[in-house]
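Visitor: Numbering of the sequence shown is given in my numbering, commencing with residue 1 and proceeding in unit increments.
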Amino acid sequence: MKTMRTRLVPAAEPDAEPACRLTPEEGRLRQADTERLFARLAEQRQTEAGQEFFFAGEPSGLWEDVSTFVDEEAVCCPFFTFEQVEREDGVLLRISGGSVG
Numbered sequence: 001m002k003t004m005r006t007r008l009v010p011a012a013e014p015d016a017e018p019a020c021r022l023t024p025e026e027g028r029l030r031q032a033d034t035e036r037l038f039a040r041l042a043e044q045r046q047t048e049a050g051q052e053f054f055f056a057g058e059p060s061g062l063w064e065d066v067s068t069f070v071d072e073e074a075v076c077c078p079f080f081t082f083e084q085v086e087r088e089d090g091v092l093l094r095i096s097g098g099s100v101g
């Protein structure tokens, strides 16, 4: 049985003002990668804690794409906590804290 990975990136500044810190230029630079990742979005749902996003597909490549997204989002939105869960059919991303939802 294959061991599925999990990754938790806690909020670096949980009490920070819930406003994205990306500049317009940084947003433009990230846009293509973000659109490519979210094109794989199979399901999104609101939870008590925040939002869940499920990206369907081959997990190893998706894992790297979701990890890059999380690393970048954790810098511009340090009030969010991110949790990635690898599944056999893709990667689940949970985002909580701040004003998710």
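Glycine residues also receive a C-beta, built at the ideal position from the N, C-alpha and C atoms.
(1) Which one or two residues does DSSP pair with residue 46 in a beta bridge?
(2) Out of 88, 76, 93, point me to the one whose CA is closest to residue 14's CA.
(3) Alpha carbon to alpha carbon, how far is residue 9 from residue 81?
(4) Do residue 89 and residue 49 count as a contact pair if the criterion is CB distance below 8 Å?
(5) Using 10 angstroms around the beta-carbon of residue 78, count the other beta-carbons present and answer buried if the total reaches 16, otherwise exposed.
Guide: Well, looking at it:
(1) According to DSSP, residue 46 bridges with 51.
(2) It is 76.
(3) Linking residue 9 to residue 81 through their CA atoms gives a straight-line distance of about 6 Å.
(4) In this structure, residue 49 keeps its C-beta atom at 8 Å or more from the C-beta atom of residue 89.
(5) Buried is the call here.
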